[in-house]
Amino acid sequence: MTVEHVAVIALVVEVAIMVLARFGTERRHWNHHKRRGPVPLRKDDITHVPALLYALAAAAVAVGAVTTRVELTLSAVGTFALFGILLPAFAANSVMVLATRGRPDTVVRWQRGIAWAVAVGGGLTSAGLVS
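Quick note: the sequence shown uses my numbering, first residue 106, plus one each step.
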């Protein structure tokens, strides 16, 4: 299995995590609309990502780019920005939203550690999409 295969698998897993978290968010909104649940929190949206997750993904992208010796063209930088920083950070935040059912203030250490691992892993494997 090559680095490209691992990068595509990581991308598919990230998108699946984000879709699951989005379905959970929409379910909570629907329950509230039908008066069966409390008001969803603003932080329940998967796009409200803490800056630390972006920073972890960006650092991992930099390490991945250096270790694979990728030419930094405009296309490569765009690919790194989208698939190496944005999507892993969204997926990591989705892990925290899924783990806490939309209450990101209740995240415990092991849940935060898994989210950090998703952000770093997604950033590192994004180098395979560029090479």
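Positions of the beta carbon are idealized from the N, C-alpha and C atoms, including for glycine.
Treat the numbers as computed from the prediction; the structure is a model and nothing was measured.
Checklist entry - Are at least three pairs of beta-carbons, each pair with one atom in the region 130 to 146 and one in the region 166 to 181, less than 8 Å apart? => result Contact between the region 130 to 146 and the region 166 to 181 is absent, because fewer than three Cβ pairs lie under 8 Å.
Item to check | Closest residue to Gly218 among Gly189, Leu158 and Leu192 (Cα-Cα distance) | outcome: Within the sequence shown, the letter at position 113 stands for residue 218. That would be Leu158, whose Cα lies nearest to the Cα of Gly218.
Item to check | Burial state of Ala115 (16 or more Cβ within 10 Å) | outcome: Your numbering for residue 115 matches position 10 in the sequence shown. Counting the other CB atoms within 10 Å of its CB gives Ala115 a total of 16 or more, which places it among the buried residues.
Item to check | Anticipated Cβ contact below 8 Å, Ala165 with Val225, distance rounded | outcome: Position 60 of the sequence shown, counted from the start, is the residue given in the question as residue 165. Position 120 of the sequence shown, counted from the start, is the residue given in the question as residue 225. About 4 Å separates the Cβ atoms of Ala165 and Val225, confirming a contact at the 8 Å cut-off.
Item to check | Cβ pair Val200, Ala186 closer than 8 Å | outcome: The residue given as residue 200 occupies position 95 in the sequence shown. The residue given as residue 186 occupies position 81 in the sequence shown. Against a cut-off of 8 Å, the Cβ pair of Ala186 and Val200 comes out as no contact.
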